[in-house]
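In full-length UniProt numbering, the protein residues as written are 1 to 514.
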């Protein structure tokens with residue numbers, strides 16, 4: 001009965017997660033349409049769509065023919081008003097993604113936008129949504145494909161965040177609250193637009209879920225896809241490196257197994273290389289298109305560099321990205337715009353590090369003292385008073401009565417898959433939390449925050465950090481903890497609501513937001 005009730009609880013929570021995810025996307029799309037109909041856009045150049053360059057080597061052409069969209073639309077369409085509404089909503093970076101899906105990588109600056117979104121948009125527009133071309137035209141179908149793709153990806157990302165949070169936090173109520181916060185996160189406008197946020201969140205959170213479940217091969221594939229979506233996807237190799245570090249230490253110094261240590265190191269190296277390979281492959285693709293075959297005088301400066309990284313050159317040359325380059329008086333408003341998410345991220349880091357300093361300083365090789373760990377195992381994770389700690393229902397619940405020895409063997413197997421992640425039976429029966437599991441998440445967040453603050457356009461922090469699970473785990477704690485004033489929870493919800501309204505208003509009308 002306990003297993004059945006736990007299964008029912010997770011089923012009900014999953015339905016709630018999907019409900020909130022779908023409703024939040026419908027609200028965002030409605031706001032986009034509303035603000036767009038009420039105000040005139042600041043910039044109307046996004047609707048300009050000349051013919052594709054004839055000499056373009058299209059990455060999309062590798063999948064479905066490079067000349068499918070080589071010519072511009074030929075109106076009239078059967079539904080011209082609908083076509084106009086969709087095309088007018090293609091703003092900011094969405095213009096680049098749609099253009100790349102249509103024509104491939106025509107210009108140097110286009111290589112700042114990674115190919116996962118354009119490839120998916122192109123494939124969807126040429127298959128499932130291709131019958132709509134006579135009604136609204138090619139470009140509108142491409143835009144519609146982007147909207148369908150990203151909103152669907154967001155719903156799946158919400159599902160995986162709930163599943164991941166329940167495994168990590170050992171509490172389905174906290175996991176539900178954190179996921180609802182994600183559904184209403186301050187960068188929501190980008191998750192419902194033609195941007196990389198939804199696909200990146202799906203691949204990264206989904207990959208981490210499978211990694212925590214012990215499905216290393218599936219996790220590696222998912223995390224590798226993040227490198228096709230955004231450049232910072234390469235950082236997800238850090239989770240594999242952290243896992244490899246601890247597994248190799250156990251094999252070398254606990255089990256005294258030299259052969260096993262080499263296998264662990266080799267496996268970890270190959271998985272990490274696989275995750276960063278999409279970034280390397282895309283840089284090689286850009287080098288081949290832009291540098292190979294030209295004379296020395298025709299080559300761009302980055303082609304002649306000892307390490308010709310196209311992405312770094314583009315970010316510096318066209319967007320002015322670089323260490324401390326954004327520290328200017330005129331950028332103070334953008335620092336103010338980014339201050340809420342940076343403050344939330346900083347509080348998240350400080351909160352967890354202060355709880356288990358020994359664990360974080362030692363990178364998980366030292367555990368916190370038992371009395372401190374037990375005292376800090378519930379409230380810091382967001383559990384409210386009386387909250388029931390439950391994990392996922394076991395797939396082999398009938399084995400639960402066969403004794404502690406079986407559970408210990410199952411726990412040992414699962415520990416080998418990650419570091420100290422308990423099995424599902426243990427998660428249900430032993431709510432003790434292992435803080436080591438948070439170490440790679442917090443280290444990843446630290447690096448992201450430092451990059452956003454010191455290197456990037458700081459206002460991008462709102463969406464750059466929005467796929468980091470610890471933000472929502474900490475936010476869930478703040479909203480439920482009796483130790484804190486309720487006003488902090490209200491502040492978080494007000495911040496999210498304000499940025500949703502402000503973002504949908506400004507972004508959809510081509511005004512600067514983040």
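From the three backbone atoms N, C-alpha and C, an ideal C-beta is built for every residue, glycine too.
- Between residue 121 and residue 39, the alpha-carbon positions lie close to 28 Å from each other.
- If you draw a straight line from the Cα of residue 319 to the Cα of residue 131, it comes to about 38 Å.
- The continuous alpha helix (DSSP H) containing residue 275 extends over residues 258-290.
- In terms of CA proximity to residue 181, 495 leads the group 513, 495 and 503.
- Rounded to the nearest whole angstrom, the CA to CA distance from residue 514 to residue 98 is 20 Å.
- The residue from 158, 135, 471 and 124 with its alpha-carbon nearest to that of residue 146 is 124.
- In the three-state reduction of the DSSP assignment, residue 48 falls in the coil class, being assigned neither a helical nor a strand state.
- The beta carbon of residue 445 is closer than 8 Å to those of 345, 348, 349, 465, 468, 470 and 471 in its chain, skipping five residues each way along the sequence.
- Residue 105 sits in coil when the DSSP states are folded into three classes, being neither helix nor strand.
- Collapsing the DSSP output to three states places residue 510 in coil.
- Residues of the same chain with a CB within less than 6 Å of the CB of residue 337, apart from the 5 flanking positions on each side, are 459 in chain order.
- Membership of residue 173 in the alpha helix (DSSP H) is indicated by the continuous run 172-183.
- When rounded, the separation of the alpha-carbon atoms in residue 503 and residue 154 is 17 Å.
- The alpha-carbon of residue 92 is positioned some 9 Å away from that of residue 508.
- For residue 455, the secondary structure class from DSSP, reduced to helix, strand or coil, is coil.
- In the structure shown, residue 136 adopts helical secondary structure according to DSSP, grouped into three states.
- Rounded to the nearest whole angstrom, the C-alpha separation of residue 163 and residue 209 is 7 Å.
- One alpha carbon belongs to residue 434, the other to residue 481, and they sit about 20 Å apart.
- In the three-state reduction of the DSSP assignment, residue 11 falls in the helix class, which pools H, G and I.
- If you draw a straight line from the Cα of residue 138 to the Cα of residue 42, it comes to about 25 Å.
- No residue range can be given for residue 303, since it is assigned to no alpha helix (DSSP H) and is classified by DSSP as neither H nor E.
- Look at the beta carbons and you see the region 248-260 not touching the region 225-232: under three pairs across the two are nearer than 8 Å.
- The beta-carbon separation of residue 500 and residue 189, rounded to 7 Å, stays under the 8 Å limit for a contact.
- For the pair residue 304 and residue 33, the Cα-to-Cα distance works out to about 47 Å.
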